[in-house]
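Mind the numbering: the sequence shown is residues 1 to 290 in UniProt numbering, read in order.
Cβ atoms here follow ideal geometry from the backbone N, Cα and C, with glycine treated the same way.
Here the structure is a predicted model, which means the values were calculated and not measured.
Here the structure is laid out as structure tokens; the discussion comes afterwards.
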Amino acid sequence: MAVTKNADKVIKTAQSMLMIVAILGLGLLTACSSYQHIIDHQQFSNEVQDGVTFRHRILMNPAAQQANAPQPRPLHWHVYIEGDGRAVDARGRPSLDPTPRTPMLLEMMSKDTSPALYLGRPCYYHTQDPACSPVSWTLARYSEATVASMASALQRSLPGNNPITLIGHSGGGTLAVLLAPRLPNVTGVVTLAGNLQVAEWVQHHGYSPLSLSLDPATQPPLPECIQQAHMAGALDKEILPRWIEAFSQAQPNARYLSIERADHRSGWPFWWTLINLDTTIDSMCDKVTR
Numbered sequence: 001m002a003v004t005k006n007a008d009k010v011i012k013t014a015q016s017m018l019m020i021v022a023i024l025g026l027g028l029l030t031a032c033s034s035y036q037h038i039i040d041h042q043q044f045s046n047e048v049q050d051g052v053t054f055r056h057r058i059l060m061n062p063a064a065q066q067a068n069a070p071q072p073r074p075l076h077w078h079v080y081i082e083g084d085g086r087a088v089d090a091r092g093r094p095s096l097d098p099t100p101r102t103p104m105l106l107e108m109m110s111k112d113t114s115p116a117l118y119l120g121r122p123c124y125y126h127t128q129d130p131a132c133s134p135v136s137w138t139l140a141r142y143s144e145a146t147v148a149s150m151a152s153a154l155q156r157s158l159p160g161n162n163p164i165t166l167i168g169h170s171g172g173g174t175l176a177v178l179l180a181p182r183l184p185n186v187t188g189v190v191t192l193a194g195n196l197q198v199a200e201w202v203q204h205h206g207y208s209p210l211s212l213s214l215d216p217a218t219q220p221p222l223p224e225c226i227q228q229a230h231m232a233g234a235l236d237k238e239i240l241p242r243w244i245e246a247f248s249q250a251q252p253n254a255r256y257l258s259i260e261r262a263d264h265r266s267g268w269p270f271w272w273t274l275i276n277l278d279t280t281i282d283s284m285c286d287k288v289t290r
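Quick look at the structure:
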């Protein structure tokens with residue numbers, strides 16, 4: 001997830017390696033198999049949607065596919081945004097492919113019976129996008145270009161004026177908060193171990209600054225009409241709970257929840273099965289805290 005201090009120096013090398021891998025068609029098998037298995041098993045639709053700069057993988061559950069037909073009333077949609085995946089390798093160098101081996105939010109979406117859409121981040125899930133380079137998933141992972149392109153792709157994929165709740169884990173939570181004020185139909189934001197204070201995270205871990213990225217902590221608060229729930233893993237050592245709590249306190253309509261026995265990845269799918277996503281965010285939070 002992190003970018004170490006020597007990351008800038010190896011980006012050009014990684015770009016060349018990425019081209020070689022693309023030509024040879026090597027690797028990517030583990031990520032592909034996990035992702036494809038979930039799609040096939042859950043009967044998700046699978047398309048690629050153009051954004052402003054990038055192409056984005058768009059997956060919809062069966063309820064969303066049915067909701068694309070004319071409806072007597074607006075339906076509330078849930079939009080899932082995955083974390084940073086494999087932005088860097090074990091040595092802290094930019095990876096050749098950021099696609100996560102185990103897409104946690106895709107698995108969590110499979111439990112959702114409401115219309116649900118999985119919004120792919122730029123360069124994830126092998127969209128064969130010429131605009132991609134390792135910069136896209138390292139220094140610019142939360143950039144203006146990334147956010148604008150995701151907003152455009154989502155608006156082109158959603159039918160009508162349906163209200164939506166954005167749900168993001170880790171860096172996906174970062175993007176959910178950055179996307180929310182740009183989309184007129186957003187009524188809620190839920191983050192799970194969200195990286196909501198990027199500069200604090202960088203400084204604490206000694207990572208290279210994400211010089212081309214936006215930081216939710218330096219953006220204006222979200223409109224009060226958007227309900228927010230920001231959940232922290234009580235055992236999380238990657239995104240410290242105090243950062244999430246401080247961000248929540250600076251927002252006009254936000255709740256902070258500490259999830260026991262959860263760290264940065266472990267524990268979230270279990271808690272997700274206990275939540276009734278058809279209720280309001282307040283009701284959802286009350287259920288988690290019981």
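Endpoints, beta strand (DSSP E) assigned at residue i
i	result
V48	S45 to D50
L117	A116 to L119
Y207	Segment: none, Y207 is in no beta strand (DSSP E) and carries neither H nor E.
L257	A254 to I259
Exposed unless 16 or more other CB atoms sit within 10 angstroms - verdict on residue i
i	result
C123	buried
T273	exposed
F44	buried
C225	exposed
E82	buried
F247	buried
A262	buried
R242	exposed
Q251	buried
A199	exposed
S157	buried
G160	exposed
A180	buried
F54	buried
D89	exposed
A69	exposed
A31	With a pLDDT of only 48 at A31, under 50, the local geometry of the prediction cannot be trusted, and the value read off the model is given with reservation. Buried.
S211	exposed
S197	The sequence given here places Gln at residue 197; Ser does not occur at that position. Under this definition Q197 is a buried residue.
P74	exposed
L24	Its pLDDT being 30, under 50, L24 is placed unreliably by the model, and nothing is read from it.
residue 296	It is not possible to answer for residue 296, since the shown part of the chain is limited to 1 through 290.
L26	Summary for L26: the model assigns pLDDT 37, below 50, so the residue's position carries little reliability; its value from the coordinates is reported in the next sentence. Under this definition L26 is an exposed residue.
R91	exposed
As assigned by DSSP and simplified to three states, the class of residue i
i	result
P94	strand
I81	strand
I275	coil
L26	Its pLDDT being 37, under 50, L26 is placed unreliably in this model, and the value from its coordinates should be taken loosely. Note: L26 maps to coil in three-state DSSP.
I226	coil
H41	helix
A87	coil
A232	strand
F270	helix
A217	helix
R101	coil
First and last residue of the uninterrupted alpha helix (DSSP H) at residue i
i	result
A67	P62 to A67
A246	P241 to Q249
L106	M104 to M109
Closest residue to residue i among the options (Cα-Cα distance)
i	options	result
S152	P269, H56, A250 and I38	H56
Y207	Q251, E238 and N162	E238
A193	L175, N185 and W137	L175
G173	D89, Q228 and N162	Q228
L235	I275, A254, K111 and E260	E260
A254	R141, A145 and V177	V177
L214	N162, V88, V147 and Y256	V147
H126	P100, M109 and S143	P100
D84	P74, G120 and A131	G120
D40	E107, P209 and L154	E107
P72	V186, N162, L154 and T218	N162
L139	T102, L183, P94 and D112	P94
S149	T165, I164 and A131	A131
Y80	P98, K111 and A232	K111
I267	Q249, Y256 and G233	First, the residue type needs correcting, since residue 267 is Gly and not Ile in the sequence shown. When each option's Cα is compared against that of G267, the closest is G233.
R265	T191, P209, I275 and T218	T191
L166	Q219, P74, F270 and H230	H230
T113	H204, P62, Q219 and P209	P62
W137	I164, M109, L96 and H204	L96
V52	G171, T187 and A145	A145
P221	Q203, W201, R182 and P209	R182
Distance cut-off 7 Å: residue i Cβ against heavy atoms of the ligand FAD
i	result
T218	Looking at this structure, you won't find the ligand FAD or any other ligand, since it has none at all.
*Would you mind listing the alpha helix (DSSP H) stretches within the region 123-203 that are 4+ residues and don't spill past its ends, in chain order?*
144-157 and 171-179
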